[in-house]
Structure formats: C-alpha cells, structure tokens
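Student: Protein chains in written order, with the numbering used here: chain A, 1 to 152; chain B, 1 to 152.
Ideal Cβ positions, reconstructed from N, Cα and C, are used throughout, including at glycine.
Have a look at the structure that comes next, please.
Protein chains: 2
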Amino acid sequence: MEEHLEKLRASGRKVTPRRKAIIQLFLQEQGDLSPQDVQEALSGTTGQFGLPGIYRNLEILTTCGILFRVVTYGGERRYALCKAGHGEGHHHHIVCIACRKVGKVSDCLYKDGMMVEGFRLVSHIVQLNGLCESCAREKNDLSALQELRQQG
Amino acid sequence: MEEHLEKLRASGRKVTPRRKAIIQLFLQEQGDLSPQDVQEALSGTTGQFGLPGIYRNLEILTTCGILFRVVTYGGERRYALCKAGHGEGHHHHIVCIACRKVGKVSDCLYKDGMMVEGFRLVSHIVQLNGLCESCAREKNDLSALQELRQQG
DNA sequence: TTACCAAATGGAAATCATTTCTGTTTAGAG
DNA sequence: CTCTAAACAGAAATGATTTCCATTTGGTAA
Chain A
1 MEEHLEKLRA
11 SGRKVTPRRK
21 AIIQLFLQEQ
31 GDLSPQDVQE
41 ALSGTTGQFG
51 LPGIYRNLEI
61 LTTCGILFRV
71 VTYGGERRYA
81 LCKAGHGEGH
91 HHHIVCIACR
101 KVGKVSDCLY
111 KDGMMVEGFR
121 LVSHIVQLNG
131 LCESCAREKN
141 DLSALQELRQ
151 QG
Chain B
1 MEEHLEKLRA
11 SGRKVTPRRK
21 AIIQLFLQEQ
31 GDLSPQDVQE
41 ALSGTTGQFG
51 LPGIYRNLEI
61 LTTCGILFRV
71 VTYGGERRYA
81 LCKAGHGEGH
91 HHHIVCIACR
101 KVGKVSDCLY
111 KDGMMVEGFR
121 LVSHIVQLNG
131 LCESCAREKN
141 DLSALQELRQ
151 QG
C-alpha cells in the first residue's frame with residue numbers, strides 16, 4: 001500500500017480516504033474491476049461513493065502508474081493494479097484467466113524500432129492472458145487448457 | 001470488392017447497397033473509421049444513413065471477417081478493412097501511423113501455449129502501429145521518426 | 001497548531017455512444 | 001414473379017461517461 005501512496009505523492013496528488021479505499025480494494029480483489037464493480041464494492045463501506053468520483057479517481061490513479069487500464073477487444077473499461085515499480089518504463093501485463101493474478105511483462109517480444117511485415121514498429125499495444133503457474137498446475141489436464149483457451 | 005462480397009455471402013448474409021457502400025468507403029479511406037466517421041462520410045450519398053444501422057452493419061461485417069475492430073488504449077470503437085483472406089486463421093494487424101495503411105501480421109511473435117513470465121499463454125491481443133515502407137522512406141530522418149513515436 | 005488554498009468531493013444534470021423496438025422494405029431463393 | 005427471412009429507417013430507451021458547481025479537505029507554510 002505504502003508504495004502506491006508514494007506514487008500518488010510523487011505525482012503531486014493528494015492522499016485521500018477515497019483513493020486509499022480504491023487502492024485497498026484492488027489489493028484485496030487482485031483481479032481487474034470496472035468502475036461499476038468499484039462502486040458496488042465500496043458502497044456502504046465509506047458511505048456513498050458516486051460514479052463520477054470513481055471515474056475521476058481511476059483515471060488519476062492510472063496516470064500515477066498505480067493502476068493500468070486492461071485492454072479488451074470490446075473496449076470495456078477495466079482497471080487493475082500495475083505491477084511495475086516506481087519509475088519503471090515501458091511494460092505490459094499478463095493476466096491469469098483463472099485467478100486474475102496480474103504479472104508484469106517487462107521484456108516484450110516486440111520492440112519499437114524493429115521491422116514487422118515491412119513496417120517499422122513505432123508503438124504497440126499488447127495484452128496477454130494466460131494461466132499462472134499455480135492455476136496451470138491445478139488444471140494441467142489438456143481438456144481444461146483447451147476449454148480455457150476458448151474464453152480469450 | 002468482390003472478395004469482400006464473397007465473405008458476406010459465405011456467411012449467409014445478404015449483399016445490400018448499404019453494405020456495399022460501407023465496404024466501398026473503407027476501400028477508399030484505407031484508414032480506420034468510427035461509426036460516426038462512417039455516418040458523416042455516407043450522409044448525402046445514399047440518402048440518410050442511421051447510426052443504428054451503421055453499428056449493426058459494422059458488427060456484421062466484422063463477424064464476416066471483412067472488417068476488424070482496431071484495438072486502442074482508450075477503448076474507442078474503430079474499424080478497418082481486414083487484410084486476411086477468406087478462411088485465414090489467427091492474425092493481427094499493423095497500421096501505418098502516417099498513411100493509415102493496414103498490414104497483416106500472420107506470424108505473431110507470441111504464440112498461445114508458450115511461457116511468458118511464468119504464465120502459460122492462452123490468448124493475446126496485439127495491435128501494432130508503425131511506418132510502412134513508403135512512409136518510412138519519405139520521413140527517414142530521425143527527428144521525424146522521433147516525433148511519430150510520440151503519438152502512439 | 002492554525003490558516004489557507006488548490007485539489008478533491010458529492011451528486012445532480014447533461015451529454016454522448018450504443019441498443020432496442022417497431023413497422024416497412026428488400027434481397028435473393030424457389 | 002412470389003414469398004420470407006433478413007435488412008432497413010428512425011424514434012425512443014438505455015447506459016456509460018462527463019460536466020458542473022457548491023462544499024469540503026489534505027497538506028503546506030506561517
């Protein structure tokens with residue numbers, strides 16, 4: 001938690017109860033959450049929690065590098081805790097489709113500047129979904145892996 | 001054009017003036033378009049063109065493999081012409097940030113099943129942005145490349 | 001500690017994208 | 001040429017996201 005608050009302060013933002021509550025929630029949940037998920041989870045805890053404030057704060061926490069926005073085909077808005085340390089550069093995340101654990105991918109196979117299909121790469125979006133070690137072990141029969149592969 | 005209509009027929013859809021107009025537009029524009037872009041471009045041409053119909057058709061054309069939905073960080077809805085031939089399997093696209101030309105990436109560096117950071121990869125989203133050959137040649141001074149790199 | 005002010009908050013309301021619904025038209029098979 | 005499922009237009013509903021504004025608060029400096 002403290003490392004996250006540090007990121008907040010470092011970017012000149014205030015540490016408020018709301019923000020602590022949101023970070024706390026993500027620490028508990030592990031997985032990715034939509035703004036609506038956040039509202040439901042926090043309603044009742046600290047009185048009401050309006051969606052506008054949640055949108056604002058999710059965006060701010062993302063700017064600070066505390067959260068990141070998960071990339072999905074449908075474009076749904078979902079956030080998760082960023083695994084990169086303070087000041088770390090370009091990276092992606094990999095999410096476990098079973099337990100939603102998030103891993104950091106700091107050495108992406110794609111590097112800006114490299115050639116791909118006749119194009120010189122300038123930027124790239126990568127979102128990986130997989131099975132973390134423990135979940136893979138749990139379901140290491142092929143049929144399970146097959147099924148999981150469907151979900152995308 | 002004919003190859004695209006073939007994809008429509010192959011999936012049991014009708015070939016209508018609307019759909020031809022949309023495909024025609026994407027053939028002209030080369031780049032990616034939002035539903036709103038499509039409406040603006042087609043308004044006046046063939047009388048009115050309601051947004052609901054555009055949403056429906058963009059989705060249908062995507063299902064048929066004629067279009068694909070571009071992946072963006074913000075989740076904005078944008079579509080472009082898919083470069084894959086009929087029946088081709090898993091692939092991604094690379095978009096030229098200068099001329100918006102789209103290329104097909106059929107052999108992605110990430111393969112489902114491979115290990116990444118201790119996770120077994122099950123699925124992945126990849127969207128590449130770069131400079132196509134001719135645009136790279138045009139602006140092959142480093143400063144231009146530098147600038148372009150900012151835009152993401 | 002206290003005062004201060006920019007930043008953060010809550011919540012209503014506005015906005016904007018997207019979907020649903022309904023009645024009408026049309027592509028294309030037979 | 002007829003017929004039917006699919007496609008169509010457009011109005012309206014829905015739902016997510018943003019804007020606005022009056023109020024409160026975190027955290028710095030006196």
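Are any of the Cβ atoms in chain A nearer than 9 Å to that of residue 132 of chain B?
Tutor: True, the Cβ-Cβ gap to chain A drops below 9 Å.
Student: Are the C-beta atoms of residue 32 of chain B and some chain A residue less than 9 Å apart?
Tutor: By this cut-off, residue 32 of chain B is not an interface position.
Student: What does residue 109 of chain A touch in chain B if you count any residue whose Cβ is under 9 Å from its own?
Tutor: What residue 109 of chain A touches in chain B: 108, 109, 110, 116.
Student: Mind checking residue 14 of chain B: buried by the 16 CB within 10 Å criterion, or exposed?
Tutor: With fewer than 16 Cβ atoms within 10 Å of its Cβ, residue 14 of chain B is classed as exposed.
Student: Tell me the DSSP secondary structure of residue 41 of chain A in three-state form.
Tutor: DSSP places residue 41 of chain A in helix when its eight states are reduced to three.
Student: Can at least three beta-carbon pairs, one atom from the stretch 69-77 of chain B and one from the stretch 19-28 of chain B, be found at a separation below 8 Å?
Tutor: Verdict: no, contact absent.
Student: Return the residue from the list A/99, A/108, A/113, A/119 that minimises the CA-CA distance to residue 104 of chain B.
Tutor: Checking every option, the nearest Cα to that of residue 104 of chain B belongs to A/119.
Student: Within 10 angstroms of the Cβ of residue 78 of chain B, are there 16 or more other Cβ atoms? Answer buried if so, exposed if not.
Tutor: With 16 or more other Cβ atoms within 10 Å, it is buried.
Student: Which residues, in order along the stretch 79-90 of chain A, keep a beta-carbon less than 9 Å from a beta-carbon of chain B?
Tutor: Listed in sequence order: no entries.
Student: What residues are listed by DSSP as bridge partners for residue 125 of chain B?
Tutor: Bridge partners of residue 125 of chain B: A/127.
Student: So, helix, strand or coil for residue 82 of chain B, using DSSP?
Tutor: Coil at residue 82 of chain B, not helix or strand.
Student: Could you check whether the stretch 89-103 of chain B touches the stretch 56-64 of chain A, counting it as contact only if at least three pairs of C-beta atoms, one from each stretch, sit closer than 8 Å?
Tutor: Touching, no.
Student: Residue 103 of chain A bridges to which residues according to DSSP?
Tutor: Partner(s): A/94.
Student: Looking only at its chain, what residues have a beta carbon closer than 7 Å to the beta carbon of residue 18 of chain A, apart from the 5 residues adjacent to it on each side?
Tutor: Excluding sequence neighbours, residue 18 of chain A sits near 53, 57.
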